[in-house]
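S.K.: First the structure, which I've put down as structure tokens, then a few questions once you've had a look.
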Amino acid sequence: MSRAYVETSTCLLEGIDEMVREGYYNDRSEAVNDAIRLLLKQYKVSKLHQKDVKRDEAKLT
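Numbering-wise (the numbering used here), the sequence shown opens with residue 208 and increments by one.
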């Protein structure tokens, strides 16, 4: 697994720590990896939606 150094706000880090304390995640890395996976999934869905919109617009012209 690769490593990356990331700077974030204290508020976000406290939120991650709270989720770890409450047992939602085993550690910070797991929480951050899950967040990145969700972000990438949303990005891919957004790109698919944009393609659909462009395709639909092309049909109208």
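Cβ atoms here follow ideal geometry from the backbone N, Cα and C, with glycine treated the same way. Here the structure is a predicted model, which means the values were calculated and not measured.
Just the Cα atoms here: how many angstroms apart are V213 and E264?
M.R.: The alpha-carbon atoms of V213 and E264 are separated by roughly 40 Å.
S.K.: CB A238 to CB V227, shorter than 8 Å?
M.R.: Cβ distance < 8 Å, so A238 and V227 count as in contact.
S.K.: Check this for me: beta carbons of Y232 and D241, under 8 Å apart or not?
M.R.: Yes, Cβ-Cβ distance for Y232 and D241 is below 8 Å.
S.K.: My assumption, with CB atoms under 8 Å, is that R235 sits in contact with I223. Please give the rounded CB distance.
M.R.: With 8 Å as the limit, R235 and I223 qualify as a contact, their Cβ atoms being about 5 Å apart.
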